[in-house]
Amino acid sequence: MTHGGASENGDGPAVCETEREPDPSDSLRTFGAVVQALREHAGLSRAEFGELVRFSKHTVESVELGRRMPDDSFVERAEEALGNTGALRRSARYLTRGEAGLAAWFRQWAKLEKVAVSLGTYECRLVPGLLQSEGYARALFENRLPLLSDEQLEAQIAARLKRQRMLCERPTVPFHFIVEESVFRRRLGGAEVLRDQLDHVLAATTPRNVSLQIVPMDAESHACMDGPLRLLETPRGRRLAYSEGQENGRLISDPKEVSLLYQRYDTLRSQALHPNKSRGLLEQLRGEL
1 MTHGGASENG DGPAVCETER EPDPSDSLRT FGAVVQALRE HAGLSRAEFG
51 ELVRFSKHTV ESVELGRRMP DDSFVERAEE ALGNTGALRR SARYLTRGEA
101 GLAAWFRQWA KLEKVAVSLG TYECRLVPGL LQSEGYARAL FENRLPLLSD
151 EQLEAQIAAR LKRQRMLCER PTVPFHFIVE ESVFRRRLGG AEVLRDQLDH
201 VLAATTPRNV SLQIVPMDAE SHACMDGPLR LLETPRGRRL AYSEGQENGR
251 LISDPKEVSL LYQRYDTLRS QALHPNKSRG LLEQLRGEL
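In the UniProt record's numbering, the protein residues as written are 1 to 289.
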């Protein structure tokens, strides 16, 4: 089973302990790993290295773990202390903070989505992010614990709406969704929010490349009882899967495991309602509100 890396493809104010990155980016982690490797190669402890660069050992640790954005003085002093190879100066140019609104464990999958040639989603908990209305997304994030600040809330919503552009911007890529009927019956945010959400799903699944199938509540067979699932195929024909739970996500690249998950998903497609009947059920639920 493979997790993570399966792609195609005086203290300074900027690193003080109060400025921890809420969502470390891949570039910060990579830069930190390079700093740690060079420090260890030089035979220096974090405390010894901290004295040389005039930052605390805790700040050194935070930079090495990708939890802090280093400022220019840290980079320059670290470069001098570790042999002036130029590696830190050059790599520091490409440092970026984590993308606002996307969970750290989801970013790699989000990148893969942007280039995928097909995507499939099964969801049993909530409306899939790509199909959420703004009101539904807002209600969802307002219910998160711990509570989000107003800035965090707006960043989450903006990131979700931005990600949804794929449905329109990639009209030749098939997007397929399988969702439990119970999801569309849950009145998250109230009846008005749900009414708008149902209208939004009906509109979003109108294009030929976007399809939705609903698993009815009276279904007697179900191939995906183990939980939500995302699948995609890369431009090179590689199949990948993604599973997400409480505060974590897992990118799955092992061919045998991915093949099994595709088998379950394909079986569930045969057990769910036909897209036309699924639209009819949504319209029925809409009329009941």
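Beta carbons are placed, not taken as given, at the ideal position from N, Cα and C, and that holds for glycine.
- When DSSP states are grouped into helix, strand and coil, Glu257 belongs to the helix group.
- Secondary structure of Glu123 (DSSP, three-state): strand.
- A direct Cα-to-Cα measurement between Ala78 and Gln108 gives close to 29 Å.
- In this chain, the alpha helix (DSSP H) harbouring His200 covers 191–204.
- Going by beta carbons, Gly50 and Lys57 fall inside the 8 Å limit.
- Contact annotation, Leu95 with Phe31: C-beta distance approximately 6 Å; criterion of less than 8 Å satisfied.
- Collapsing the DSSP output to three states places His222 in coil.
- The DSSP-derived three-state label of Arg77 is helix.
- The beta carbon of Leu131 sits closer than 6 Å to the beta carbons of Val201, Ala204 from its chain, once the five residues preceding and following it are set aside; these are given in chain order.
- When rounded, the separation of the alpha-carbon atoms in Val63 and Val34 is 10 Å.
- Rounded to the nearest angstrom, the Cβ distance from Pro235 to Val117 is 6 Å, consistent with a contact under 8 Å.
- Under the three-state reduction of DSSP, Ser149 is assigned to coil, being neither helix nor strand.
- Counting along the chain, the unbroken beta strand (DSSP E) around Val179 starts and ends at 175–180.
- In this chain, the beta strand (DSSP E) harbouring Ser211 covers 210–215.
- Taking all protein chains shown into account, Gln263 has fewer than 16 neighbouring C-beta atoms within 10 Å of its C-beta and is therefore exposed.
- For Gly135, the secondary structure class from DSSP, reduced to helix, strand or coil, is helix.
- Per the coordinates, the alpha-carbon of Arg185 lies some 16 Å from the alpha-carbon of Leu212.
- In terms of CA proximity to Asn248, Pro228 leads the group Leu232, Arg46, Pro228.
- Put simply, the backbone Cα of Val183 is about 27 Å away from that of Glu169.
- Here Gln156 is buried, its C-beta having at least 16 other C-beta atoms within 10 Å.
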